[in-house]
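Peer 1: Under this note's numbering, the first residue of the sequence shown is numbered 28, with each subsequent residue one higher.
Where is the CB? At the ideal position from N, CA and C, for every residue including glycine.
All of these numbers come straight from a predicted model, not from anything done at the bench.
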Amino acid sequence: MLQRLHRVQKFEPFLKETGRSFSFESLLGMGDESREISYILVGLQTHINTWMMDITADQRIKHVDEMSVRANQIVVGAALQSKTVSDKLNQVKSLKIQAQQVHLQTSQLMSSLAVIHKHFPAELFSFRVKTTPAM
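Next comes the structure, spelled out in structure tokens:
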């Protein structure tokens, strides 16, 4: 087991310490002479980020406006459907009342016919249906 441990090679980190401090200039490979360029780049990035935030805010406002128009259209459509259903419901109620009146009048008519039927002779209502043989 110890022999295996001795065979393991010495580990060294991939990035070696250089003793320099980390800065934006060292990241871009610039020296002190180009410090102004780095400030311009940072200012430009800030400016671009600001405009991007404004654009996305405008897009969000546009999206909210579109969604509110859609919601308004849906509400108006639902209100129109509700009115149509209400009108149809009133028609159904009217038809129901008419059907009840027709039923009542038919019932009264049948009662009257039954009373009239009693006053006629029975022979008057006894008739035979003549059938013809099928060919």
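1. Residue 37 by DSSP, collapsed to three states: which one?
2. Quick one: what's got a C-beta closer than 7 Å to residue 37's C-beta in the same chain, skipping five residues either side?
3. The ligand MG heavy atoms versus the CB of residue 30: any closer than 7 Å?
4. Using only the alpha-carbon positions, how far apart do residue 123 and residue 83 sit?
Peer 2: By the coordinates alone:
1. Stepping through the sequence shown from its first residue, residue 37 is reached at position 10. It is coil, neither helix nor strand.
2. Along the sequence shown, read from residue 1 onward, the residue named residue 37 stands at position 10. Excluding residues up to 5 positions away in sequence, nothing lies with its Cβ nearer than 7 Å to the Cβ of residue 37 in the same chain.
3. Summarising the ligand content, the structure contains no ligands, and the ligand MG is consequently not present.
4. Translated into positions along the sequence shown, residue 123 becomes position 96. Translated into positions along the sequence shown, residue 83 becomes position 56. Rounded to whole angstroms, residue 123 to residue 83 spans 59 Å at the Cα level.
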